[in-house]
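*Asks:* Take the sequence shown: its position 145, counting from 1, is numbered 147 in our numbering, and each next residue is one higher. The structure that follows is given in the form of structure tokens.
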Amino acid sequence: MIALVQRIAKAQVTVEEEITGSADAGLLVYIGVEKQDTDDDAAFIARKIPGLRIFPDDKDKMNLGLLDISGSILAISNFTLCGNCRKGRRPGYDNAAPPEQAERLFDLTIEMIRSRGVKVETGVFGAHMDIENTSDGPVNLILRSQNE
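Structure, rendered in structure tokens:
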């Protein structure tokens with residue numbers, strides 16, 4: 003599982019002209035599920051994200067986590083994170099999980115993050131989404147549940 007984590011001031015996602023999710027100060031997280039991913043990968047990502055100390059403390063040092071700032075998450079499913087660009091110019095998505103597996107593991111990840119006391123809103127799985135965000139920092143991290 004791959005997660006692209008961005009520290010944000012705010013973000014929202016719109017599907018067919020309807021806002022389906024938003025977040026204020028916190029994180030915008032894109033999640034890509036790969037074929038080999040299991041519930042353990044979802045658990046790893048769900049544990050890691052809320053604990054990341056990437057928010058500034060009173061000395062402007064990145065020392066606080068999401069719960070410390072009462073932050074929220076806007077989570078977006080994104081199979082293109084699984085793209086392989088090593089050959090040619092068109093990414094290959096052979097490593098991306100089938101939609102049923104990806105949706106189940108994405109939903110499980112969100113459920114596990116929520117169980118840690120974090121407010122999480124999402125887009126619509128498999129839909130074309132318009133995502134607006136105001137990045138803070140910028141701070142961007144890529145998390146992988148498995149070693150390459």
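Just so it is clear, CB atoms sit at the ideal spot from N, CA and C, and this is done for glycine as well.
(1) Contact defined as beta carbons within less than 8 Å: I believe A25 pairs with E113. What is the distance between those atoms, to the nearest angstrom?
(2) What separation, rounded to the nearest whole angstrom, lies between the Cα atoms of A13 and N97?
(3) For N80, count the other beta carbons within 10 Å of its own beta carbon; 16 or more makes it buried, fewer makes it exposed. Which is it?
(4) Can you tell me whether DSSP reads F46 as helix, strand or coil?
(5) Are the beta-carbon atoms of E102 and F127 separated by less than 7 Å?
(6) Below 8 Å, can you find three or more Cβ-Cβ pairs linking the region 22 to 42 to the region 135 to 148?
(7) Report yes if the C-beta distance between I4 and L83 is below 7 Å; otherwise report no.
(8) Looking only at its own chain, which residues have a Cβ that is under 7 Å from the Cβ of M64, when we skip the five neighbours before and after it?
(9) Is DSSP giving D60 helix, strand or coil here?
(10) Quick one: which unbroken beta strand (DSSP E) runs of 3-plus residues sit fully inside the region 98 to 142? Chain order, please.
(11) Using only CA atoms, which one of V15, G23, I21, T40 lies nearest to L107?
(12) Just to confirm before moving on: does the CB-CB distance between P52 and R116 stay below 7 Å?
(13) What span of residues does the beta strand (DSSP E) with E20 cover, start to end?
(14) Roughly how many angstroms separate the alpha carbons of R49 and D70, rounded to a whole number?
*Replies:* With the given structure in hand:
(1) One-based indexing of the sequence shown puts residue 25 at position 23. One-based indexing of the sequence shown puts residue 113 at position 111. About 17 Å separates the two Cβ atoms, so there is no contact after all.
(2) Translated into the one-based positions of the sequence shown, residue 13 becomes position 11. Translated into the one-based positions of the sequence shown, residue 97 becomes position 95. Rounded to whole angstroms, A13 to N97 spans 28 Å at the Cα level.
(3) Position 78 of the sequence shown holds residue 80. Classification for N80: buried.
(4) What you label residue 46 is simply residue 44 of the sequence shown in a count that begins at 1. In the structure shown, F46 sits in a helix (DSSP, three-state: H, G or I).
(5) Residue mapping note: residue 102 aligns to position 100 of the sequence shown, counting from 1. Residue mapping note: residue 127 aligns to position 125 of the sequence shown, counting from 1. For E102 and F127, no; Cβs fall outside 7 Å.
(6) Segments in contact, yes.
(7) Taking the first residue of the sequence shown as 1, we reach residue 4 at position 2. Taking the first residue of the sequence shown as 1, we reach residue 83 at position 81. Closer than 7 Å, so yes.
(8) Numbered from 1 along the sequence shown, position 62 holds the residue referred to as residue 64. These residues qualify, in order along the chain: R55, I56, F57, P58.
(9) Sequence index remark: in the sequence shown, residue 60 carries index 58 (1-based). D60 falls in the coil class under three-state DSSP.
(10) 121 to 124
(11) Along the sequence shown, read from residue 1 onward, the residue named residue 107 stands at position 105. Nearest option by C-alpha distance: T40.
(12) Residue mapping note: residue 52 aligns to position 50 of the sequence shown, counting from 1. Residue mapping note: residue 116 aligns to position 114 of the sequence shown, counting from 1. In this structure, P52 lies away from R116, with their beta-carbon atoms at least 7 Å apart.
(13) The count along the sequence shown starts at 1 and reaches residue 20 at position 18. Per DSSP, E20 belongs to the beta strand (DSSP E) from 20 to 25.
(14) Locating residue 49 in the sequence shown gives position 47, counting from the first residue. Locating residue 70 in the sequence shown gives position 68, counting from the first residue. Straight-line Cα distance between these residues: approximately 15 Å.
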